[in-house]
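Asker:
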Amino acid sequence: MRITRNVGTLFVTGALTLTLAALAYPAMLGVQTTSAAPVRIIANPSSGPLTEADRDFVVKVRAAGLWEYPVGQLALQKGTTPEVRTAGQHLISGHAGLDATSRKVAKELGITLPNKPSPQQQGFVATLSADSGSKFNTDFANILRITHGQIFSTVAKIRASTENSLVRQLADQANDTVLDHITVMEKTGLVDFDQVIIQETTLPKVPAVNLTPPAPQPGEPEVVLTPPAGGGGAALPSGGASLPAGGASLPSPTPTVG
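Under my numbering, the first residue of the sequence shown carries the number 289, and numbering increases by one thereafter.
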């Protein structure tokens, strides 16, 4: 397999003093912008100063689940090895947990969350929806290993720098989840480490608009990534979300995988 471009991310309290900037939807959430976002305080809630980077991180965690959760479902349906199906189960369970925390943190901090992943992330889902057999297994393991490797350093940066206790809690959970997902991808035996390292260390040459999840529309139901029943099956997200039918309604992926 050759990857020709880089794969590219809570309760209300009366004591919060949020600025309008904290409520604004982030303009750009690529890996390079999240990691280099200016340390500008946009709100001073009781949980500690909230920066632009903190806010973007919460949105990025949410957006990651919105594409990795359905990809986990695809792995259960299309994976042809036990290791790939196990990795899919970990994606579903891990992102159901992270989604609950990110929604809780966002509610308390007044952060607007997306209900859809970015166009680039939608493209990853489209690619994997169109794949089958061994190609699905290989693309799945490598796309997910690259994206998790990239976000791993972002999680560490936020955990080391944030002064907000809620964001720290989310970063702790994200760190454990991302490391688990990296591990299960590697256990598939399908990861091309040479290509993974190249992709992880090369800044993505992707238009900012493709890296930004769309803001929710007024009155749009919140998508909730539900935990799998009994810890093994995959429940579809509520709020109208569903798996794409062969990726037909999704844009083509930015990176070329094949």
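Ideal Cβ placement from N, Cα and C applies to all residues, glycine included.
1) To the nearest angstrom, report how far apart Q487 and A429 are at their CA atoms.
2) Are the beta-carbon atoms of R433 and E474 separated by less than 8 Å?
3) From F424 to K366, what distance separates their C-alpha atoms?
4) Give me the residue from D387, G385, P358 with the minimum Cα distance to R373.
5) Tell whether a beta-carbon distance below 8 Å holds between V443 and V466.
6) Using DSSP with H/G/I as helix, E/B as strand and the rest coil, what is A341?
7) Measure from the alpha carbon of H436 to the alpha carbon of each residue in A341, G336, S390, H383, then state which is nearest.
8) Of the choices N498, N452, P502, F412, whose alpha-carbon is the least far from that of Q341?
9) Under a three-way DSSP split, which group does I399 fall into?
10) Give me the Cα-Cα distance between A394 and D387, rounded to the nearest whole angstrom.
11) So, P407 versus L354, is the Cβ gap smaller than 8 Å?
12) Please state if the CB of I470 and the CB of F345 are separated by a distance shorter than 8 Å.
13) Contact check, Q377 vs L364 under 8 Å by CB: the rounded distance?
14) Here's a check: name, in chain order, each residue in its chain whose Cβ is nearer than 6 Å to the Cβ of I329, leaving out the five neighbours to either side.
15) Can you give me the C-alpha to C-alpha distance between R391 and G421, rounded to a whole angstrom?
16) Once DSSP output is grouped into helix, strand and coil, what is the label at V372?
17) Consult DSSP for V479 and reduce its assignment to one of helix, strand or coil.
18) Give the straight-line distance between the Cα atoms of K348 and D464, rounded to the nearest whole angstrom.
19) Who are the near neighbours of P515 in its chain, counting only those whose CB is closer than 6 Å to its CB and skipping five residues on each side?
20) Decide if I485 is buried, meaning its Cβ has at least 16 other Cβ atoms within 10 Å, or exposed.
21) What residue from L397, R456, V494 has the CA that sits closest to G411's CA?
22) What separation, rounded to the nearest whole angstrom, lies between the Cα atoms of T450 and Q457?
23) Report buried or exposed for T500, applying the criterion of at least 16 other Cβ atoms within 10 angstroms of its Cβ.
24) Answer with buried or exposed for V327, where buried requires no fewer than 16 other C-beta atoms within 10 angstroms of its C-beta.
25) Tell me the rounded alpha-carbon separation between T400 and A503.
Answerer: This is what the structure holds:
1) 14 Å
2) yes
3) K366 has its alpha-carbon roughly 7 Å from the corresponding atom of F424.
4) Closest option to R373, judged by alpha-carbon separation, among D387, G385, P358: P358.
5) yes
6) helix
7) H383
8) It is Ala, not Gln, that sits at residue 341 in the sequence shown. Ranked by Cα distance from A341, the first of N498, N452, P502, F412 is N452.
9) coil
10) 10 Å
11) no
12) no
13) With 8 Å as the limit, Q377 and L364 qualify as a contact, their Cβ atoms being about 7 Å apart.
14) So the list reads P337, T339, once near-sequence residues are dropped.
15) 35 Å
16) helix
17) V479 falls in the coil class under three-state DSSP.
18) Distance between the alpha carbons of K348 and D464 is about 16 Å.
19) A384
20) exposed
21) V494
22) Between the alpha carbons of T450 and Q457 lies a gap of roughly 10 Å.
23) buried
24) exposed
25) 8 Å
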